């Protein structure tokens, strides 16, 4: 490495990396060496030399979201769980609106699938666009703004006069959806990295259920409401979103540590002023007090933050391997949302309500996967406590669950392919239900465990790593949605599921290889936790 040049003024990224270094990572501490920054140096250069002392995270920890009571934390997590269902409801309930929408606008059912495609693909970008702002402007009001826009765009869709307007509104709805970038950010605000597993697993469970529960209700709506059913699908999404927004408004406080530090510093200053105390508290300020929004964002740094998830997705082997498997599982679920009507309606003769009930095995699979994940999380904590220097337990061990459950994805597809034939008898659908159950187990554990591993492995850059994962899931699901109907009609469910089983088996093998050789990949990445010190020096 070249000779070090004189150190420039610390950037916002380097300041935050200092804060990440100070976070307690539990029993194993990564080898991170970052030069400390003096307490008097502000996060923002415009405050340097003003005599202000910036309050540190350590002296105000009792006022941050880390100090919330267990009851409050789980109340917040429950609202986030509902928010995840509401967000994904916009994609999963749409299929129940397609037939009546096609009749209303005089377009083909295949044409209506593009409404879901454009929503999911814009949703993939929306998650990445909202996330960077929340670090500076706070999570609560950005989440409120996101939900309000989603409700607005969704509620006016039934008043559209043509399908082009529907497409435009679906595009705007996707961009307005903040997704897990904010909900998981709130979980990270309340729990230190080694304590986040249960919270992340719970929020991820809500995200998964958002693709399984709405179609159950949607089937009954499609059957009983008739020609205006498509309008009520969107109004139901808007009404549930409004309920969640109200709960979020009254239950979930602002959790970002900068806001908490600002309030803490202001309280100490006011106390010193009242008492006539000439202590340093008179010059104590929060990290963003008195700093304009314009000064908080450096254009170059903001651009790097927004682009980093995409860079990781295409250049980091850990990210693109795990994201490929995760995206494969999510795309299969949204393909099934599109083709269930073809398989159960046309081949098995089910009505709309019974077709919707076939999503119950998927929801049950997600729930079983959630409890399996909790069990392996507990085993992982025990291993880390027993061997404090075990790198495998700290990192790659978080994916141990996939050794046992990833294979459920191709297995479930094969079971579905083998039994999706009414000629086998009127109870053949039971076999397909078991196939869907296994798909749900695999899809949940793949999502939750890969997110958990990337958060641990990438540390400060975890948001970029997981952001790439989320983008891949939503984008691929959207891109393949219109292909579901024509694919199953041309090939049949057996051949379609057989091909998907082969593809998913390949990704499962790659994922297990990452579990085995992940440490080797980590050591060769300049963005994983062990290499943070190198990155800081290079920057």
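In my numbering, the protein residues as written are 503 to 1041.
All C-beta atoms, glycine included, are put in the ideal place defined by N, C-alpha and C.
Quantities reported herein were computed from a predicted structural model and do not represent experimental measurements.
Endpoints, the alpha helix (DSSP H) within which residue i is located
{"i": "residue 907", "result": "902-907"}
{"i": "residue 641", "result": "First-last for residue 641: undefined, no H or E at that position."}
{"i": "residue 592", "result": "572-594"}
{"i": "residue 715", "result": "715-726"}
{"i": "residue 683", "result": "682-692"}
{"i": "residue 798", "result": "795-798"}
{"i": "residue 677", "result": "665-678"}
{"i": "residue 817", "result": "801-817"}
{"i": "residue 1003", "result": "995-1025"}
{"i": "residue 705", "result": "699-711"}
{"i": "residue 849", "result": "Here residue 849 belongs to no alpha helix (DSSP H), and DSSP marks it neither H nor E."}
{"i": "residue 777", "result": "759-777"}
{"i": "residue 1028", "result": "First-last for residue 1028: undefined, no H or E at that position."}
{"i": "residue 738", "result": "731-753"}
{"i": "residue 858", "result": "854-859"}
C-alpha gap between residue i and residue j, whole angstroms
{"i": "residue 1023", "j": "residue 721", "result": "46 Å"}
{"i": "residue 946", "j": "residue 830", "result": "12 Å"}
{"i": "residue 991", "j": "residue 663", "result": "30 Å"}
{"i": "residue 546", "j": "residue 762", "result": "Note on residue 546: pLDDT 38, under 50, position unreliable in the model; the coordinate value appears next. One C-alpha to the other measures close to 17 Å."}
{"i": "residue 791", "j": "residue 699", "result": "32 Å"}
{"i": "residue 1029", "j": "residue 960", "result": "6 Å"}
{"i": "residue 703", "j": "residue 778", "result": "49 Å"}
{"i": "residue 516", "j": "residue 963", "result": "Its pLDDT being 45, under 50, residue 516 is placed unreliably by the model, and nothing is read from it."}
{"i": "residue 913", "j": "residue 907", "result": "10 Å"}
{"i": "residue 578", "j": "residue 924", "result": "46 Å"}
{"i": "residue 713", "j": "residue 887", "result": "36 Å"}
{"i": "residue 1021", "j": "residue 1027", "result": "10 Å"}
{"i": "residue 804", "j": "residue 639", "result": "13 Å"}
{"i": "residue 741", "j": "residue 837", "result": "26 Å"}
{"i": "residue 841", "j": "residue 949", "result": "23 Å"}
{"i": "residue 892", "j": "residue 885", "result": "8 Å"}
{"i": "residue 528", "j": "residue 987", "result": "Annotation note: pLDDT 36 at residue 528 (below 50); position unreliable, coordinate value reported separately. Answer to the nearest angstrom: the Cα atoms are 49 Å apart."}
{"i": "residue 981", "j": "residue 710", "result": "19 Å"}
{"i": "residue 909", "j": "residue 827", "result": "11 Å"}
{"i": "residue 672", "j": "residue 653", "result": "11 Å"}
{"i": "residue 929", "j": "residue 862", "result": "16 Å"}
{"i": "residue 1040", "j": "residue 802", "result": "Model confidence at residue 1040 stands at a pLDDT of 35, short of 50, so the residue's coordinates are unreliable and nothing is read from them."}
{"i": "residue 811", "j": "residue 683", "result": "12 Å"}
{"i": "residue 688", "j": "residue 798", "result": "20 Å"}
{"i": "residue 926", "j": "residue 983", "result": "29 Å"}
{"i": "residue 894", "j": "residue 568", "result": "27 Å"}
{"i": "residue 602", "j": "residue 918", "result": "28 Å"}
{"i": "residue 733", "j": "residue 719", "result": "14 Å"}
{"i": "residue 1019", "j": "residue 875", "result": "21 Å"}
{"i": "residue 496", "j": "residue 769", "result": "It is not possible to answer for residue 496, since the shown part of the chain is limited to 503 through 1041."}
{"i": "residue 785", "j": "residue 793", "result": "15 Å"}
{"i": "residue 764", "j": "residue 789", "result": "7 Å"}
{"i": "residue 1025", "j": "residue 1017", "result": "14 Å"}
{"i": "residue 879", "j": "residue 985", "result": "37 Å"}
Distance between beta carbons of residue j and residue i, contact taken as under 8 Å
{"i": "residue 951", "j": "residue 905", "result": "10 Å between Cβ atoms; not a contact."}
{"i": "residue 995", "j": "residue 845", "result": "5 Å"}
{"i": "residue 1003", "j": "residue 916", "result": "5 Å"}
{"i": "residue 564", "j": "residue 656", "result": "Going by Cβ atoms, the distance from residue 564 to residue 656 rounds to 40 Å, so no, they are not a contact pair."}
{"i": "residue 600", "j": "residue 614", "result": "4 Å"}
{"i": "residue 717", "j": "residue 595", "result": "7 Å"}
{"i": "residue 675", "j": "residue 621", "result": "6 Å"}
{"i": "residue 756", "j": "residue 642", "result": "4 Å"}
{"i": "residue 562", "j": "residue 693", "result": "The pair is not a contact, with the Cβ atoms about 17 Å apart (cut-off 8 Å)."}
{"i": "residue 935", "j": "residue 998", "result": "Going by Cβ atoms, the distance from residue 935 to residue 998 rounds to 18 Å, so no, they are not a contact pair."}
{"i": "residue 832", "j": "residue 979", "result": "5 Å"}
{"i": "residue 584", "j": "residue 708", "result": "7 Å"}
Cβ of residue i within 7 Å of any chain C Cβ
{"i": "residue 865", "result": "Absent from the structure: chain C. Only one protein chain is present."}
How about the segment 952-963 and the segment 893-900: do they share at least three Cβ pairs that are nearer than 8 Å?
-> yes
Does the segment 623-630 come within contact of the segment 969-989, defined as at least 3 CB pairs closer than 8 Å?
-> yes
Kindly confirm or deny that the segment 628-643 and the segment 663-672 touch, where touching means at least three C-beta pairs closer than 8 Å.
-> no
The segment 675-682 in contact with the segment 643-662 per 3-pair CB rule at 8 Å | yes
Count the CB pairs spanning the segment 854-871 and the segment 934-943 that are closer than 8 Å, and state whether there are at least three.
-> yes
Which ranges would you report for the alpha helix (DSSP H) in the segment 879-967 if only whole runs of at least 4 residues count?
-> 893-896, 902-907, 910-921, 930-960
Cβ contact check for the segment 719-734 and the segment 850-862: 3 or more pairs under 8 Å | yes
With a cut-off of 8 Å, do at least 3 Cβ pairs link the segment 588-607 to the segment 816-825?
-> no
Quick check: the segment 1004-1020 against the segment 921-938, are there 3 or more CB pairs under 8 Å?
-> no
Please determine if the segment 1007-1016 and the segment 820-829 are in contact, where contact requires at least 3 C-beta pairs separated by less than 8 Å.
-> yes
Count the CB pairs spanning the segment 728-747 and the segment 568-576 that are closer than 8 Å, and state whether there are at least three.
-> no
Completely contained alpha helix (DSSP H) runs for the segment 597-656, where each covers 4 or more residues | 600-607, 611-639
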